[in-house]
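2 protein chains.
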Amino acid sequence: MPNTITPLAQGLRERKKQKTRESIQREAMRLFEMQGYEETTIEQIAAAVEISPSTFFNYFPSKEDVVLYDAYDPVLASLLMERPADEPLSISFRRVLEEMGGIFERDREIILARARLWFGVPALRARLWEEVEKAQVLMSGLIAQRSGRDAEDFETRVTVMVMVSAAMEAMHEWLRRDGQGSFVDLVNQALDMVEAGARLDEIASPKHTG
Amino acid sequence: MPNTITPLAQGLRERKKQKTRESIQREAMRLFEMQGYEETTIEQIAAAVEISPSTFFNYFPSKEDVVLYDAYDPVLASLLMERPADEPLSISFRRVLEEMGGIFERDREIILARARLWFGVPALRARLWEEVEKAQVLMSGLIAQRSGRDAEDFETRVTVMVMVSAAMEAMHEWLRRDGQGSFVDLVNQALDMVEAGARLDEIASPKHTG
DNA sequence: CTTGATTATTGGAGAAACTCCAATTATCAT
DNA sequence: ATGATAATTGGAGTTTCTCCAATAATCAAG
Chain A
400 MPNTITPLAQ GLRERKKQKT RESIQREAMR LFEMQGYEET TIEQIAAAVE
450 ISPSTFFNYF PSKEDVVLYD AYDPVLASLL MERPADEPLS ISFRRVLEEM
500 GGIFERDREI ILARARLWFG VPALRARLWE EVEKAQVLMS GLIAQRSGRD
550 AEDFETRVTV MVMVSAAMEA MHEWLRRDGQ GSFVDLVNQA LDMVEAGARL
600 DEIASPKHTG
Chain B
400 MPNTITPLAQ GLRERKKQKT RESIQREAMR LFEMQGYEET TIEQIAAAVE
450 ISPSTFFNYF PSKEDVVLYD AYDPVLASLL MERPADEPLS ISFRRVLEEM
500 GGIFERDREI ILARARLWFG VPALRARLWE EVEKAQVLMS GLIAQRSGRD
550 AEDFETRVTV MVMVSAAMEA MHEWLRRDGQ GSFVDLVNQA LDMVEAGARL
600 DEIASPKHTG
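In order, the protein sequence lines correspond to chains A and B. If you count by this note's numbering, then the first sequence holds residues 400 to 609, one letter each, in order. If you count by this note's numbering, then the second sequence holds residues 400 to 609, one letter each, in order.
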């Protein structure tokens, strides 16, 4: 499956596929925003794109995937790989996020619409975990590559999981703030909390005023 | 929806419902283990319990819920509520887990079977996030109650999310070890890592030999 | 530009998970 | 015993998704 970011569309075939995939995603999102996710059938999407329902399933294995399908993952992955191998993971993570900040700003509206569905539609919300795990696997692999550690190592997995779910919570917060402000900043804040040692001891007691 | 742990079954009606719900769950799990989750249809489950498919949906909103449905949540919730209000959350969490350790030991085989499905079947794995969020909401609410903080407070949410996802990772690890050893111990280990500040800086560098 | 090989599109048949509803049947409270 | 209440059931229908075979578009090579 090639991505939205294709180096150079080689043949007519590839270019057409590309366009079709984008059309499906665009029309689907338009309909979802107009009428809601559950209320939109695959027939309707297919009709809007002027393809058959069968063809829809040639491009996306399920209705959910139209929303889930993400062009950022491979970018994030490759940026992460480019970081110096001796750099601490949390720093790499922050740097890469900053590098991607521009993209996030540019696509703000699209990302926001996607996120709204993501967290708002039960079927999609359920699949969030898979996204978290994808990220976890990616980063665990990176750690394994850099260090002598096993990617399956318990400590590695917990550490990465904690980072990723903190980032996920940052996205949630960003959404709660209706996409106002910087997403990257929120992730950084969340990571700060985690790195500070997740003040589990203090958080139960009343917040110190001021 | 009453739970598996019902104080005293009052009428015949309630008792029968109870029994039916348990039968469905038992027969479903038996079939899932025998033939796999996807391969088992609701018709088959209904036939095994000697009810109609319609009735199945009176008890569980979906096939997934048969596996997901959990009697432990309310127990955990009430135990958590009983902890002294000035006790740090992480301690409360650990104590409650220890209190529940006996139950986990007793139901080890059942929990293991459930967990295998949980992490193994894509449809169920996807729904893990909802379980995580349920726990997050529960605990955030508790924090809000105890402290002056808002349950929606970003810091609160991140902290709780991190704890819960660490626990989830512990469950995953427990499953990878085939249910050998103590689940509670693994959760404690995961929490230790989180509290130690999630050594994101160190984990990227090669592990010190020994 | 033609031809033969790939590959994409399509329609049809069908399974499975649900939803909705109205008829029936079982329990309950009196 | 009886009327109210709640559970069970069957049937009809929708939607997502699978499988497959026919058709149509693209491609690579001569």
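Ideal Cβ positions, reconstructed from N, Cα and C, are used throughout, including at glycine. Please read all numbers here as calculations on a predicted model, not as lab measurements.
Nearest to residue i (by Cα), restricted to the options the options
i	options	result
Ala539(A)	Leu527(A), Thr555(A) and Glu530(A)	It is worth fixing the name first, because residue 539(A) is Ser in this sequence and not Ala. Out of Leu527(A), Thr555(A) and Glu530(A), Thr555(A) has the C-alpha closest to the C-alpha of Ser539(A).
Leu475(A)	Asn457(A), Glu497(A), Asp485(A) and Asp464(A)	Glu497(A)
Glu594(A)	Met433(A), Phe492(A), Val448(A) and Gln417(A)	Phe492(A)
Val448(A)	Ser461(A), Gly435(A), Tyr436(A) and Leu430(A)	Leu430(A)
Phe518(B)	Glu572(B), Thr419(B), Pro460(B) and Glu442(B)	Glu572(B)
Asp591(B)	Arg575(B), Val563(B) and Asp577(B)	Val563(B)
Arg515(B)	Gly435(B), Trp528(B), Leu411(B) and Thr419(B)	Gly435(B)
Met570(A)	Gln588(A), Val557(A) and Thr440(A)	Gln588(A)
Glu463(A)	Val520(A), Val586(A) and Leu574(A)	Val520(A)
Gly596(B)	Glu481(A), Ala566(A) and Val561(A)	Val561(A)
Thr419(B)	Phe459(B), Ala566(B) and Glu438(B)	Phe459(B)
Ala512(A)	Val495(A), Asp577(A), Glu413(A) and Lys415(A)	Asp577(A)
Glu568(B)	Leu574(A), Asp485(A), Ile510(A) and Val559(A)	Val559(A)
Met428(B)	Asp485(B), Ile510(B) and Leu479(B)	Ile510(B)
Val586(B)	Val557(B), Asp549(B), Val495(B) and Leu523(B)	Val495(B)
Ser489(B)	Arg414(B), Glu438(B) and Leu541(B)	Leu541(B)
Arg575(A)	Ala565(B), Leu574(B), Asp472(B) and Phe553(B)	Phe553(B)
Phe503(A)	Asp472(A), Glu438(A) and Arg414(A)	Asp472(A)
Glu508(B)	Glu432(B), Glu413(B), Leu411(B) and Arg412(B)	Glu432(B)
Glu437(B)	Ala522(B), Arg482(B), Asp506(B) and Ala445(B)	Ala522(B)
Ser416(B)	Ala566(B), Leu479(B), Ala445(B) and Asn457(B)	Before going on, a small fix: residue 416(B) reads as Lys here, not Ser. The candidate whose alpha carbon is nearest that of Lys416(B) is Asn457(B).
Ala565(A)	Ile441(B), Val557(B) and Pro483(B)	Val557(B)
Endpoints, the alpha helix (DSSP H) within which residue i is located
i	result
Glu572(B)	Phe553 to Arg575
Gln535(A)	Leu527 to Arg545
Gln443(B)	Ile441 to Val448
Ser489(B)	Leu488 to Arg505
Asp549(B)	Premise fails: Asp549(B) is in no alpha helix (DSSP H) and is neither H nor E.
Val586(A)	Phe582 to Glu594
Gln409(A)	Unbroken run through Gln409(A): none, as it is neither H nor E.
Query raised in the report: Can you find at least 3 beta carbon pairs, one from the stretch 465-484 of chain A and one from the stretch 421-431 of chain A, that sit closer than 8 Å?
Result: yes
Query - Whole runs of the alpha helix (DSSP H) within the stretch 458-486 of chain A, excluding any shorter than 4 residues - result: 462-467 and 471-481
Query raised in the report: Between the stretch 578-587 of chain B and the stretch 539-552 of chain A, do three or more beta carbon pairs fall short of 8 Å?
Result: no
Requested in this report: Taking 8 Å as the threshold, find out whether the stretch 443-462 of chain A comes into contact with the stretch 531-538 of chain A through three or more Cβ pairs.
Outcome: no
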